[in-house]
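Chains as they are written, first to last, in this note's numbering: chain A, 444 to 823; chain B, 444 to 823. Report on one structure; see the data block that follows.
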């Protein structure tokens, strides 16, 4: 059997749980009577509790950011390339925290949780959450762990939006903010892709208006289509070309035969869609994409992101990737411009990468180096 | 009632029909026992039959390229911006022919036609057709109309692939070839988008393995998703941003309210999807996207497009649009490079346009001017 390669890794880790019986009032006014927060930690909290780093996950991520759950796991957590001993987010130095956001489907209170008021899963009745709700529940965990301020809050994509929101909502509790492949708000094109994904889910007859769990089913086809759209658009055309080109999986183009041709890229995509739909919750997918669409850092600040960032006290690292067309370098530059106008301390790097939006998850030398350099300069 | 504005237009037109009882053998070896070809013509065939121009339609197009069918039509044919008196494809000078391709769903033999062997609609049993089959059936129409050679064959996108195939298959019957926003073959990313669209259709329970007509239904949801994907990817991010931004259709972002927000771009997209799914056939959509995926001009020529084009005798005009990311200027430059290496006469223009792939359908001054100039130089 293939064993987990735990060298250079945080090794075997186990999720932890924080249960809070205190009701949580969300941005939209709805109240969760209780919340369960599932999280992982890597490294050791120092004496002064000054070395804690919060990792915020994106759309399809969860609390399992690094290491392995079982010795026979073949895949580590989703950001194992960047979290571990000697890695940019160095667990020899930092105490790293990653939490499954509420509304998620990996243990924290979300649509698959039992609604204590009905005894049934929340399903579509789970309230829409905003990025600020994630930040406020991450803050609950922060208090429970007795962390007075984060050495850094770090996130890619939707995670980067949470990191920025931290700076605005808790300016004195975050010393560094690392925003990777993100934006102050989505473009119309991004909202459009999210809406197509949601339409694929909601038009699947197994969706049952979101009450699929009560029907003992799941809108797997719709969720697979949603994931396929995400997968293609989070990669670059160049990366897909290099990986698949026009290689065939079956059939031939011989004239005079009726054998249907299948390209490698087609079966790969279908596999990605099917495997995702087996592990992810459709209501969570809808909720997370809505939170993405709704996020607008400058909305409460007269549409001026520099005003939103005016009262923040963090140092900032902003990173973008050349081939990322869903969160293009131009979106990161808007963040940088707003920070400069607000007279804040900001480092920016546009990293040459072929992998599109997914580049933020991948080992890329320049990205590794500059990320490590920034993290090493943080005082703890 | 709003009336058709027929000024500068070919006016009211009616489709014509060519029925051929002669069996047609397709590239894959399958035989259509008979074919019906629906087409329109605009302008007048001159004495020497030397002024005929063939327009090849793309994925969702048909034979109705210009003018109006009824005085109360509010929309003209799909390329009315470019075909008509005084327009680039000037009907005062040219006799313009546009045919619904076989496999289509607007009258020519296709999946919705009755299979004479079974008395039922072909549905999914309709053979997969290749671009070369469209060219060979367009050639049937050419013979019926007694046209010895086309002054020009013109097409955008999938239509451009047909125009190139004309040059290869009938080098002495085409004097000018106009290829707009096209490619010698699709990229992996393009194939991937087509596969997602097909998956949306085939996973719709109303698809019934393609026999939805026999079940008195249609996979409308799947077809709507397919169209939404096409719509977003055929536009540019810039164009969507200018058209919709983050404008809301309903709801508010007020903190403390539970009213769901809908962006304008979402309802617009859904409307586009629904209206398309009411008029288009799902099996045709699958067949047309497969033809797109399969097309590879150089496949029979050792993957060398310049060898494919070596025996052609046309002059070429190649046009691309800066913001078209599904058929990017780089794809057009590959055509131009192949033509230059084959020592052919080629004009190339990369037109500045914000509208993405859809630019080829839209009135854009520089595109109008250069297209008209090229067409005016054609000897008839």
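Built from N, CA and C at the ideal position, the CB exists for glycine as well.
| Asked | Found |
| --- | --- |
| Rounded separation between residue 444(B) and residue 515(B) - CA only | In this prediction, residue 444(B) scores a pLDDT of 43, lower than 50, which makes its location untrustworthy; the coordinate-derived value is nonetheless stated afterwards. The straight-line gap from Cα to Cα measures roughly 7 Å. |
| Neighbour flag for residue 613(A) against chain B, beta carbons, 7 Å | no |
| Below-7 Å beta-carbon distance, residue 648(B) vs any chain A residue | yes |
| Residue-chain proximity (residue 712(A), chain B), Cβ-Cβ < 7 Å | yes |
| Inter-residue CB distance, residue 720(B) and residue 667(B) (contact presumed, cutoff 8 Å) | 4 Å |
| Rounded straight-line distance, which links the Cα of residue 526(B) to that of residue 453(B) | 8 Å |
| Three-state secondary structure (DSSP) of residue 768(B) | coil |
| Three-way DSSP call (helix, strand, coil) for residue 391(A) in this model | An answer regarding residue 391(A) cannot be provided, because it is not within the stretch 444 to 823 covered by chain A. |
| Residues within the region 653-681 of chain A neighbouring chain B, beta-carbon criterion of under 7 Å | 664, 668, 671, 672, 675, 680 |
| Cβ neighbour criterion (16 or more within 10 Å) applied to residue 819(B) | exposed |
| Chain B within 7 Å of residue 605(A), Cβ atoms only | no |
| Through-space distance from residue 613(A) to residue 533(A), alpha-carbon basis | 24 Å |
| Residue 737(A): contacting residues in chain B (beta-carbon distance under 8 Å) | 696, 704 |
| Sequence-distant residues of its chain with Cβ nearer than 7 Å to residue 696(A) (five each side left out) | 704 |
| Unbroken alpha helix (DSSP H) run spanning residue 793(B), endpoints | Where residue 793(B) is concerned, there is no enclosing alpha helix (DSSP H), although the beta strand (DSSP E) it sits in stretches over 789-794. |
| Residue 551(A) versus residue 479(A): straight-line alpha-carbon distance, rounded | 5 Å |
| Those runs of the beta strand (DSSP E) which lie wholly inside the region 495-555 of chain B and span at least 3 residues | 495-499, 538-542 |
| As assigned by DSSP and simplified to three states, the class of residue 645(B) | helix |
| When 567(A), 681(A), 530(A) are compared against residue 547(A), the one with the closest alpha-carbon | 567(A) |
| Span of the alpha helix (DSSP H), counted from its first residue to its last, around residue 619(A) | Residue 619(A) -> not in any alpha helix (DSSP H); beta strand (DSSP E) instead, spanning 619-623. |
| For residue 483(A), the nearest candidate out of 669(A), 790(A), 510(A), 589(A) (CA to CA) | 510(A) |
| Whole-number beta carbon distance between residue 712(A) and residue 675(A), since they are thought to touch under 8 Å | 7 Å |
| Residue 559(A) and residue 648(A) closer than 7 Å at C-beta | no |
| Per-residue burial, residue 518(B) [other beta carbons within 10 Å of its own, 16 or more giving buried] | exposed |
| For residue 598(B), the three-state DSSP class (helix, strand or coil) | strand |
| Cross-chain neighbours of residue 708(B) in chain A, by beta carbon under 9 Å | 631, 632, 634, 635, 638 |
| Host beta strand (DSSP E) of residue 717(B) (start-end) | Here residue 717(B) belongs to no beta strand (DSSP E); instead the alpha helix (DSSP H) covers 707-720. |
| Cβ of residue 444(A) within 7 Å of any chain B Cβ | The predicted model places residue 444(A) with a pLDDT of 43, which falls under 50 and marks its position as unreliable; any figure quoted below should be read in that light. No, no contact with chain B. |
| Interface partners of residue 628(A) on chain B, CB under 7 Å | 689 |
| In DSSP terms, what residue 739(B) is bridged to | 628(B) |
| Residue from 654(A), 769(A), 665(A) whose Cα sits closest to the Cα of residue 646(A) | 665(A) |
| Helix, strand or coil at residue 481(A) according to DSSP, with G and I counted as helix | strand |
| Residues near residue 740(A) in its chain [Cβ-Cβ closer than 6 Å; skip 5 each side] | 607, 627, 748, 751 |
| Opening and closing residue of the alpha helix (DSSP H) in which residue 583(A) lies | 574-587 |
| Other residues of its chain near residue 580(B): CB distance less than 7 Å, five sequence neighbours each side excluded | 467, 478, 480, 545 |
| Cα-Cα separation, residue 572(A) to residue 662(A) | 22 Å |
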